[in-house]
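Some notes on the structure that comes next.
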Amino acid sequence: MYPGSNVTAILWWGAYTLIGVWAQRFVPGVDFLAPGIVLSMQEQGGARTVWLAVIWVLLLEGMGNLPFGYGVAWYGLLAVFYIMGRWLFEARSLLFVCLLGIGLGVLHPLLIYFLASLGNLAVPMETSLVEGALQAATFPVIWLAADKLFPKGLRQDAKPL
Amino acid sequence: MRRAGAYVVAAHTARGGRSGVRRPQKIAIAVVAGLFLYLSIYTWNLRTGHLDALSSYTGLDISGFILRPGLWVSDQVVGFWERYIYLVALKQRNDDLHEEADRLRRENMLMSARARSAGRLESLLGFRAPEQWNFSGARVIAQRMGPAGVLATLTVDRGSASGVRPDMPVVMPEGVVGRVLETGATTASVLLLTDANSRIAVIGDENRSPGMLSGQGYGQPLILRFVNLNALIDSGELLLSSGLSGLYPKGLPVARVTKVQRSDISLFLTVEAEPLVDVAGVEEVLLLDRAVGAGPEEGRDAPVDGEAKDRVSGE
């Protein structure tokens, strides 16, 4: 890793977070940061992904209004889907990313139902289903855009083994 | 020799078989342990509210910091446009406002006389003085955000650092908007009265029939619950906060009745209402705070920070 890569990574992921939060302001119910977790696992993995996940969990939980737990389960299960999916698929293939998006799309209403039941909250499930469909549709698009814009200097696959 | 070889193969197969069984067991144990840990942390947080407070004072505030500069730029651009491009409409607008101010002054004169008279009568009859409330403004920086934002909420640009606390009433000049759900240091979220978890104790303006107003989601009518079959309530009647819950001051306009239906199978009337405020278009709100020395009503404790999420439906 060249010396400036940490600064580049902080700047790039900072800009990604900023855009993600603004996007979530305009499209409520859809997580624009989740494709970043997958991209980070594909490119770097390890401590940087964990840091990103911790910051984004706090952001999701802070912006949201369910009792704490959605963000942990959301990103935790996304990581599980990704790790399990790698047994069967090429990690960087678009098909695999589309399947991850569908997985998240199905997971969203289930998690909402589960946590709303635990918290004794009344939540309109129709909205969650629509948001799940939107999440499934937008996930691969955001991942593609982020992957295209990801700095070459930070790419692990571009470096010699 | 062949017999010994067969034993080795059998032992190897047995070991392989056992390890094949162990792997699913390990996965099952990991899943159960993970679920147990998750539910333990979830329950602990529901009881203490520590993680909710942590996420409010980090995530909610960070999102506020991210949104504010963009909103400031947007305001400057829009302000510039309105100041210079629409300058020609200012004269007409000024005349309209003068006319409205005159009308309000006349109304205010009559109301003041009646209010003074009511105050004198209350003191003659020995009524306890009503609570005093202070108003302060806050700017809406976002509606609900993120996948975990499932409740109908607004985010405002003031938090606990400027005295905002959970359960503070949030209003507009037209009527009630909702109440503060949770606070960060510089940002707070407001539960709207249209949310299905919102409950406001109200009373009819004309017929004084009490009920509990709850939301059903944006775009859906509000439902007035627990109105007796023989209670008087008219379509078009204004619903005011009754002050019985201890959260809202008495007499704030909340909604207007749109439909009253008598049910054959229920002990209560089916009453629908519409909010007086279009919550989707709210840009600024007023936060109400009890004046210093004016405590909450007798028999009720003041709200404690961090418990708001537990009490979302518990007014």
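Line by line, the protein sequences give chains A and B.
The opening position of the first sequence corresponds to residue 41 in our numbering, with each subsequent residue numbered one higher.
The opening position of the second sequence corresponds to residue 4 in our numbering, with each subsequent residue numbered one higher.
Beta carbons are placed, not taken as given, at the ideal position from N, Cα and C, and that holds for glycine.
Keep in mind that this is a model prediction, so the values were computed, not measured.
Could you tell me whether the Cβ of residue i comes closer than 8 angstroms to any Cβ of chain B?
| i | result |
| --- | --- |
| residue 52 of chain A | no |
| residue 61 of chain A | yes |
| residue 114 of chain A | yes |
| residue 92 of chain A | no |
| residue 103 of chain A | yes |
| residue 65 of chain A | yes |
| residue 157 of chain A | no |
| residue 153 of chain A | no |
| residue 68 of chain A | yes |
| residue 241 of chain A | Residue 241 of chain A lies beyond the range of chain A shown here (41 to 201); nothing can be said about it. |
| residue 146 of chain A | no |
| residue 119 of chain A | no |
| residue 187 of chain A | no |
| residue 163 of chain A | yes |
Mind checking residue i: buried by the 16 CB within 10 Å criterion, or exposed?
| i | result |
| --- | --- |
| residue 138 of chain B | exposed |
| residue 171 of chain A | buried |
| residue 148 of chain A | buried |
| residue 244 of chain B | buried |
| residue 47 of chain B | exposed |
| residue 266 of chain B | exposed |
| residue 93 of chain B | exposed |
| residue 281 of chain B | exposed |
| residue 182 of chain A | buried |
| residue 227 of chain B | buried |
| residue 294 of chain B | exposed |
| residue 99 of chain B | exposed |
| residue 51 of chain B | exposed |
| residue 200 of chain B | buried |
| residue 129 of chain B | exposed |
| residue 105 of chain A | buried |
| residue 45 of chain B | buried |
| residue 34 of chain B | exposed |
| residue 76 of chain B | exposed |
| residue 46 of chain A | exposed |
For the candidate residues the options, whose alpha-carbon lies nearest to that of residue i?
| i | options | result |
| --- | --- | --- |
| residue 141 of chain B | B:175, B:126, B:101 and B:169 | B:175 |
| residue 115 of chain A | A:127, A:101, A:126 and A:107 | A:101 |
| residue 185 of chain B | B:71, B:289, B:59 and B:164 | B:59 |
| residue 36 of chain A | A:178, A:99, A:77 and A:176 | Only positions 41 to 201 of chain A appear in this structure, which leaves residue 36 of chain A out of reach. |
| residue 288 of chain B | B:71, B:247, B:235 and B:179 | B:179 |
| residue 216 of chain B | B:69, B:275, B:264 and B:222 | B:275 |
| residue 204 of chain B | B:155, B:32, B:255 and B:233 | B:255 |
| residue 151 of chain B | A:193, A:95, A:127 and A:71 | A:71 |
| residue 218 of chain B | B:208, B:259 and B:198 | B:198 |
| residue 71 of chain B | A:137, A:65, A:82 and A:47 | A:65 |
| residue 75 of chain A | A:109, A:47 and A:92 | A:92 |
| residue 63 of chain B | B:124, B:148 and B:83 | B:148 |
| residue 108 of chain A | B:202, B:42 and B:126 | B:42 |
| residue 246 of chain B | B:187, B:258 and B:206 | B:206 |
| residue 150 of chain A | B:242, B:67 and B:153 | B:153 |
Contact criterion: CB-CB distance below 8 angstroms. Does residue i meet it with respect to chain A?
| i | result |
| --- | --- |
| residue 150 of chain B | yes |
| residue 45 of chain B | yes |
| residue 105 of chain B | no |
| residue 77 of chain B | no |
| residue 153 of chain B | yes |
| residue 310 of chain B | Because the pLDDT of residue 310 of chain B is 43, which lies under 50, any placement of that residue in the model is unreliable, and the number read from its coordinates should be weighed accordingly. With 8 angstroms as the cut-off, residue 310 of chain B does not count as an interface residue toward chain A. |
| residue 51 of chain B | no |
| residue 162 of chain B | no |
| residue 233 of chain B | no |
| residue 63 of chain B | yes |
| residue 197 of chain B | no |
| residue 241 of chain B | no |
Quick one: residues in its chain with C-beta nearer than 6 angstroms to the C-beta of residue i, no 5 flanking neighbours on either side, listed in chain order?
| i | result |
| --- | --- |
| residue 69 of chain A | 171 |
| residue 111 of chain A | 97, 100 and 101 |
| residue 312 of chain B | Because the pLDDT at residue 312 of chain B is just 46, under 50, the model does not fix this residue reliably, and the point stays unresolved. |
| residue 49 of chain A | 194 |
| residue 174 of chain A | 70 |
| residue 164 of chain B | 188 and 189 |
Leaving out five residues on either side along the sequence, give the residues of the same chain with a beta carbon under 7 angstroms from the beta carbon of residue i.
| i | result |
| --- | --- |
| residue 187 of chain A | 79 |
| residue 146 of chain B | 157 |
| residue 1 of chain B | Since the first and last residues shown for chain B are 4 and 318, residue 1 of chain B lies out of range. |
| residue 152 of chain A | 163 and 168 |
Counting only C-beta atoms, is residue i closer than 8 angstroms to chain E at any point?
| i | result |
| --- | --- |
| residue 28 of chain B | The structure shown has no chain E; the protein chains it does contain are A and B. |
Just to confirm my understanding: we take residue i, look at its own chain, exclude 5 residues before and 5 after, and list those with CB closer than 8 angstroms. What are they?
| i | result |
| --- | --- |
| residue 382 of chain B | In this structure chain B extends from 4 to 318, so residue 382 of chain B is not present and cannot be described. |
| residue 103 of chain A | 61 and 64 |
### Task
Count the C-beta pairs between the stretch 138-145 of chain A and the stretch 113-122 of chain B that are closer than 8 angstroms, then say yes if the count reaches three, no if not.
no
### Message
Whether or not the stretch 152-159 of chain B and the stretch 114-131 of chain A are in contact is what I'm after, with contact meaning three or more pairs of Cβ atoms, one per stretch, closer than 8 angstroms; do they touch?
### Response
They do not touch, by the three-pair rule.
### Task
Give a yes or no on contact between the stretch 140-155 of chain B and the stretch 186-204 of chain B, applying the rule of three or more CB pairs nearer than 8 angstroms.
As far as the Cβ criterion goes, the stretch 140-155 of chain B touches the stretch 186-204 of chain B, which means the pair count is three or higher.
### Query
Three or more beta-carbon pairs under 8 angstroms between the stretch 148-162 of chain A and the stretch 50-58 of chain A, yes or no?
no
### Message
Assess contact between the stretch 218-235 of chain B and the stretch 247-264 of chain B, defined as three or more Cβ pairs (one per stretch) separated by less than 8 angstroms. Is contact present?
### Response
yes
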